[in-house]
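First up is the structure itself, then whatever we jot down about it.
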Amino acid sequence: MQEASPRKFKHPMLIEAQQKLVTQQLQRDQDDLAFRIEMALMSGQSRQLTLFLEDSEGLTFFLRHLLKDLRQLHQHAPREAASLQDRLLQGLPDGRHDAFDSQLKISQYPHLSSLAVR
């Protein structure tokens, strides 16, 4: 999620408009991730997520950015990210979910990437 420097408004209408913009950006980020997760599931790439536990460099570019963005969404909106994470976990073999969950919550990136899905 790209965040501009937040301005401090005093007028209630401007405060409400700013909150609406933040909510809309969060919804766009969530929709983008949901679409990319469905692409990973449909193409079978989600099965490669077990590589993430051993070596993140073994993942495809698409999956590395997907995981990075999901981590960042988890920082800003854990509840919204939880449903997307559950959907992505459907592609993992049984028994690997707990380790993946703990890795997903670790984030070192301040913003979502601006990766365009082409």
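By full-length UniProt numbering, the letter at position 21 of the sequence shown is numbered 21, and the numbering carries on one by one without gaps.
Backbone N, C-alpha and C define an ideal beta-carbon position, used for all residues, glycine too.
All figures in this text were calculated on a predicted structure; none of them were measured in a lab.
- Taking the CA atoms as reference points, I15 sits about 20 angstroms from R28.
- Using a 10 angstroms sphere on the CB of R71, the tally of other CB atoms reaches 16 or more, which defines it as buried.
- By the Cβ test, the stretch 55-64 is not in contact with the stretch 76-91, since fewer than three Cβ pairs between them sit closer than 8 angstroms.
- Boundaries of the alpha helix (DSSP H) harbouring T23: 12-43, taken from the DSSP string.
- For the options I37, L33, A77, the alpha carbon positioned closest to that of V22 is the one of A77.
- In the DSSP assignment, K68 falls within the unbroken alpha helix (DSSP H) covering 61-76.
- About 7 angstroms separates the CB atoms of L73 and Q30; that is less than 8 angstroms, so the two are in contact.
- Taking the Cβ atoms as the reference, L88 lies roughly 13 angstroms from S43, outside the contact range of under 8 angstroms.
- Taking C-beta separations shorter than 8 angstroms and ignoring five residues to either side along the sequence, the partners of A40 in its chain run S46, F62, L63, L66, L88, G91, following chain order.
- The distance from the Cβ of L33 to that of D69 is about 6 angstroms, consistent with a contact at the 8 angstroms cut-off.
- If you draw a straight line from the Cα of E80 to the Cα of F35, it is about 14 angstroms long.
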